[in-house]
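Residue numbers (the working numbering), protein chains in the order written: chain A, 27 to 265; chain B, 648 to 768.
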């Protein structure tokens with residue numbers, strides 16, 4: 027037999043490439059050899075979330091394409107008056123940089139987690155949470171500004187009424203994701219700080235042994251929130 | 648003897664600490680910088696007022712580059728086995744089919760609106 031069936035031992039040592047895909051899925055065992063169940067489940071959740079946000083963005087595309095009324099110009103709508111002149115889209119640009127920075131600190135937190143550096147991991151996760159909270163704060167400012175200018179889910183002063191509905195729905199859902207992420211970052215950072223993953227302390231909810239992989243799984247969620255923002259930034263704010 | 652056992656144990660622990668995704672910090676900082684530059688480029692597209700097909704092309708190119716970097720490096724997809732990569736990255740392509748369906752639907756809606764209600768509200 028060219029490729030002996032692997033039943034035990036080190037995962038991820040089977041064939042590679044397309045043959046590897048076939049071997050992994052037909053192995054009659056866990057299909058994802060190198061990813062733990064926790065990581066695989068987070069990925070599958072993120073896949074489902076991709077479809078949720080995909081549907082939102084498609085709904086927005088459909089509304090924008092099918093209205094005969096002119097679409098408000100996001101470049102002007104989201105401009106801020108700074109130093110005597112209107113700077114287009116500046117708040118959104120700052121929010122983008124803040125979220126990307128939080129992704130950077132999160133990636134480094136994962137790295138320090140696997141080096142078992144409790145202190146750095148917890149600090150970087152808290153920094154990520156602070157940047158995330160800052161993002162949500164700026165979003166709250168943006169919502170307040172638009173609402174005082176008369177934007178509602180059913181009308182706005184500049185054009186197609188669908189602008190308000192899609193704006194509140196898409197950015198609202200994304201902001202909710204960021205907020206949930208911040209809460210979970212704080213929870214996992216506390217566990218790291220307390221040393222739960224060094225002594226394999228069992229979780230209060232799942233009763234499973236804590237491992238530093240929890241930091242990486244948390245990171246997957248956080249990077250996904252950043253990833254969704256990349257698409258929202260491109261399609262809603264820049265298009 | 649006990650020393651040997653302790654040594655073996657420390658080696659096991661050492662091996663365990665290096666499971667999972669271990670990559671140099673420099674790589675993350677490099678990607679972080681790239682994402683900053685790409686975001687700045689995306690913003691410049693709007694700031695400089697590029698319009699038309701060039702605008703849409705640039706927006707899509709910078710978007711896909713940023714998304715690719717985040718998924719491949721920050722989310723470690725580049726180091727996962729192909730089975731997971733395909734299971735997660737291929738299904739979203741179906742969203743493109745949905746997009747095609749809704750483009751055709753939206754074209755039909757705007758056509759009927761213009762045909763029956765005139766050019767404006």
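Every residue, glycine too, gets a C-beta built ideally from N, C-alpha and C.
Q. Excluding the five sequence neighbours on either side, which residues of its own chain have a C-beta within less than 7 Å of the C-beta of residue 716/B, listed in chain order?
A. Only 678, 681, 682 meet the Cβ criterion.
Q) Which of the residues in the region 727 to 752 of chain B, read from start to end, lie with their CB under 8 Å from any CB of chain A? A) The region 727 to 752 of chain B vs chain A, Cβ under 8 Å: 727, 728, 729, 730, 731, 733, 734, 735, 738, 739, 742, 745, 746, 749, 750, 752.
Q | Residues, ordered as in the chain, of the region 46 to 67 of chain A that lie near chain B by beta-carbon distance below 8 Å | A | Only 46, 47, 50, 51, 57, 58, 59, 60, 61, 66 from the region 46 to 67 of chain A bring a Cβ to less than 8 Å from some Cβ of chain B.
Q: Just the chain B side, please: which residues come within less than 7 Å of residue 249/A by C-beta, in chain order?
A: Chain B residues near residue 249/A: 717, 721, 722.
Q: Pair every Cβ in the region 690 to 709 of chain B with every Cβ in the region 734 to 750 of chain B, then say whether three or more of these pairs are closer than 8 Å.
A: Fewer than three beta-carbon pairs drawn from the region 690 to 709 of chain B and the region 734 to 750 of chain B are found closer than 8 Å, and the two stretches are therefore not classed as touching.
Q.
Less than 8 Å between the beta carbons of residue 190/A and residue 183/A, yes or no?
A. Not closer than 8 Å, so no.
**Q.** Three-way DSSP call (helix, strand, coil) for residue 40/A in this model
**A.** The answer is coil: DSSP assigns residue 40/A none of H, G, I, E or B.
Q.
Looking at chain B, is there any beta carbon in it that lies within less than 8 Å of the beta carbon of residue 182/A?
A. No, no contact with chain B.
Q.
Applying the 10 Å Cβ sphere with the 16-neighbour rule, what's the burial state of residue 745/B?
A. Looking at its Cβ environment, which holds fewer than 16 other Cβ atoms inside 10 Å, residue 745/B is exposed.
Q. Can you list, in chain order, the residues of its chain whose CB lies under 8 Å from that of residue 656/B, leaving out five sequence neighbours each side?
A. Note that residue 656/B scores 47 on pLDDT, short of 50, meaning its location in the model is unreliable and no value can be drawn from it.
Q: Within its chain, find whatever has a CB closer than 7 Å to the CB of residue 235/A; leave out the 5 residues flanking it on each side and keep chain order.
A: Contacts found: 226, 228.
Q: Classify residue 111/A as helix, strand or coil using the three-state DSSP reduction.
A: In the three-state scheme derived from DSSP, where H, G and I count as helix and E and B as strand, residue 111/A is classed as strand.
Q: From the DSSP output, in three-state form, read off residue 235/A for me.
A: Strand at residue 235/A.
**Q.** Status (buried if at least 16 other CB within 10 Å, exposed otherwise) for residue 56/A
**A.** Residue 56/A should be labelled exposed.
Q | Residue range of the alpha helix (DSSP H) that includes residue 62/A | A | Looking at the DSSP string, residue 62/A is not in any alpha helix (DSSP H), and its letter there is neither H nor E.
Q) Which residues, taken in chain order from the region 228 to 259 of chain A, show a beta carbon closer than 8 Å to some beta carbon of chain B? A) Against chain B - using a Cβ distance shorter than 8 Å - the residues of the region 228 to 259 of chain A are 238, 239, 242, 245, 246, 249, 250, 252, 253, 256, 257, 259.
**Q.** Proximal residues of chain A, C-beta to C-beta of residue 704/B below 7 Å
**A.** Going along chain A, no residue has its Cβ under 7 Å from residue 704/B, so there is no contact; the nearest lies around 12 Å.
Q) Using the beta-carbon count (16 or more within 10 Å), is residue 247/A buried or exposed? A) By the neighbour-count rule (16 or more Cβ atoms within 10 Å), residue 247/A is buried.
Q.
Per DSSP, what are the beta-bridge partners of residue 106/A in this structure?
A. Note: residue 106/A sits in a beta bridge opposite 113/A.
Q: Sort 219/A, 126/A, 147/A, 90/A by Cα distance to residue 242/A and report the nearest one.
A: Ranking the options by Cα distance to residue 242/A, first place goes to 147/A.
Q: Buried or exposed for residue 96/A, please, with buried defined as at least 16 other CB atoms from any protein chain shown within 10 angstroms of its CB.
A: Residue 96/A counts as exposed, since fewer than 16 other C-beta atoms from the protein chains shown sit within 10 angstroms of its C-beta.
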